[in-house]
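In my numbering, the protein residues as written are 1 to 194. Note that CB positions come from ideal geometry on N, CA and C, so glycine has one too. Structure, as structure tokens:
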Amino acid sequence: MGLLDILLGRTKPVAPDLDQLFALPSAAVTLEAAAGFTPTGTGAVCFASVEGGAFAQTNREIQALLDADAERGGPPVELRQDAYGYSWLVSCRTPAELPALVNDLHAVNSAMEVNGFGPQLLCSVAAFQDARGRRLGLVYLYKRGTFYPFAPLAGAGERRDTARELQVRAMLADDLRVEQDLGRWFPIWGAPGL
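Dropping the structure here:
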């Protein structure tokens, strides 16, 4: 970062820290105790698809890695496309298997990064739900190395519960590296599990 960058207000991008994903199980304990939200067992990694053989090969390797777990009794993994053209690699486990789900998310992110496709990674999300059926996603922003909560309102179109999101941010401040810039708390409409 040079003097010109400093004068123009540019900042050095934050390096992704995939190990932050391993903080999700302890954050889940806090979230359940403070707000009654428990894991649903669904998680996903969102990425922008790229044309080309190398990207297709990386996707096949990731799928094979996670499918091997499915052959040993783990969950099936599914590749989905959303209405916005992004790809989601979805893992569905039991709610009690949050650590295994985190391992799945970490494996996908790591494989994409190692194969040079880190810039295509957008986010990872772990889904939660309370006793009233309200949904909440803890979203990891790959390019920022931070988390934020996303709470879509059920049956209300594309509306979110920002008050709940801010409450969850306060609850998890000691457990997760929470994204401070609220402008980066992007809605992830139609995300798997939400």
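### Task
Give the range of the alpha helix (DSSP H) segment to which Pro99 is assigned.
As a working note, residue 99 is residue 99 in the sequence shown. Counting along the chain, the alpha helix (DSSP H) containing Pro99 begins and ends at 98-114.
### Task
Can you tell me the Cβ-Cβ gap for Arg177 and Gly145, rounded? I've got them flagged as a contact below 8 Å.
Residue numbering aside, residue 177 sits at position 177 when the sequence shown is read from its first letter. Residue numbering aside, residue 145 sits at position 145 when the sequence shown is read from its first letter. That pair is a contact at about 7 Å.
### Integer Cβ distance of Pro201 from Val168, believed to fall under 8 Å
Outside the displayed span of the chain (1 to 194) sits residue 201, for which this structure offers no information.
### Message
If the criterion is Cβ atoms closer than 8 Å, does the pair Val139 and Leu24 meet it?
### Response
Along the sequence shown, one-based indexing puts residue 139 at 139. Along the sequence shown, one-based indexing puts residue 24 at 24. Annotated as distal: Val139 and Leu24, with beta-carbon spacing of 8 Å or more.
### Query
Mind checking Asp19: buried by the 16 CB within 10 Å criterion, or exposed?
The residue labelled residue 19 in the question sits at position 19 within the sequence shown. With fewer than 16 other Cβ atoms within 10 Å, it is exposed.
### Query
Rounded C-beta distance between Thr38 and Phe128? I'm assuming under 8 Å.
The residue you call residue 38 lines up with position 38 of the sequence shown. The residue you call residue 128 lines up with position 128 of the sequence shown. That pair is a contact at about 6 Å.
### Task
Below 7 Å CB to CB, which residues in the same chain sit around Ala170 once its five sequence neighbours on both sides are set aside?
Taking the first residue of the sequence shown as 1, we reach residue 170 at position 170. Here Ala170 has no same chain residue with a Cβ atom under 7 Å from its own Cβ, once five neighbours each way along the sequence are excluded.
### Task
Compare the beta carbon distance of Ala131 and Gly193 with 8 Å and say whether it is the shorter of the two.
Residue numbering aside, residue 131 sits at position 131 when the sequence shown is read from its first letter. Residue numbering aside, residue 193 sits at position 193 when the sequence shown is read from its first letter. Result no, Cβ atoms of Ala131 and Gly193 do not sit closer than 8 Å.
#### Entry: Nearest-angstrom Cβ-Cβ length linking Gln63 and Val77, presumed shorter than 8 Å
Numbered from its first residue, the sequence shown carries residue 63 at position 63. Numbered from its first residue, the sequence shown carries residue 77 at position 77. So it is a contact: roughly 7 Å between Cβ atoms.
### Query
CB Ala154 to CB Gly133, shorter than 8 Å?
Your numbering for residue 154 matches position 154 in the sequence shown. Your numbering for residue 133 matches position 133 in the sequence shown. A distance below 8 Å separates the beta carbons of Ala154 and Gly133.
### Message
Looking at the secondary structure, which residues open and close the beta strand (DSSP E) in which Leu182 lies?
### Response
In the sequence shown, residue 182 corresponds to position 182, counting from 1. The continuous stretches of beta strand (DSSP E) do not include Leu182, and DSSP gives it neither H nor E.
### Continuous beta strand (DSSP E) stretch holding Glu78: start and end
Along the sequence shown, read from residue 1 onward, the residue named residue 78 stands at position 78. Looking at the DSSP string, the run of the beta strand (DSSP E) that includes Glu78 is 77-81.
### Task
Can you check DSSP and say which residues form a bridge with Ala44?
Stepping through the sequence shown from its first residue, residue 44 is reached at position 44. Val90, Val125, per the DSSP bridge assignment.
### Query
Excluding five sequence neighbours on each side, which residues of the same chain lie with their C-beta closer than 7 Å to the C-beta of Leu172?
Here residue 172 corresponds to residue number 172 of the sequence shown, with the count starting at 1. Answer for Leu172: Ala27, Thr30, Leu31, Val178, listed in chain order.
### Task
Compare the Cα-Cα distances from Thr94 to each of Thr42, Leu121, Val125 and report the closest residue.
In the sequence shown, residue 94 corresponds to position 94, counting from 1. Thr42 is the residue among Thr42, Leu121, Val125 whose C-alpha sits nearest the C-alpha of Thr94.
### Query
Buried or exposed: Val114, going by 16 or more other Cβ atoms within 10 Å of its Cβ?
As a position in the sequence shown, residue 114 is number 114, starting the count at 1. Result: exposed.
### Query
Roughly how many angstroms separate the alpha carbons of Asp82 and Gly190, rounded to a whole number?
Stepping through the sequence shown from its first residue, residue 82 is reached at position 82. Stepping through the sequence shown from its first residue, residue 190 is reached at position 190. When rounded, the distance between both Cα atoms is 7 Å.
### Message
For a test of the three-state rule: what should DSSP assign to Gly137, helix, strand or coil?
### Response
For the purposes of this step, residue 137 is identified with residue 137 of the sequence shown, where counting begins at 1. In this structure, Gly137 counts as strand in the three-state DSSP scheme.
### Ala196 to Ser49 span [Cα, whole Å]
With the chain covering only 1 through 194, there is no way to say anything about residue 196.
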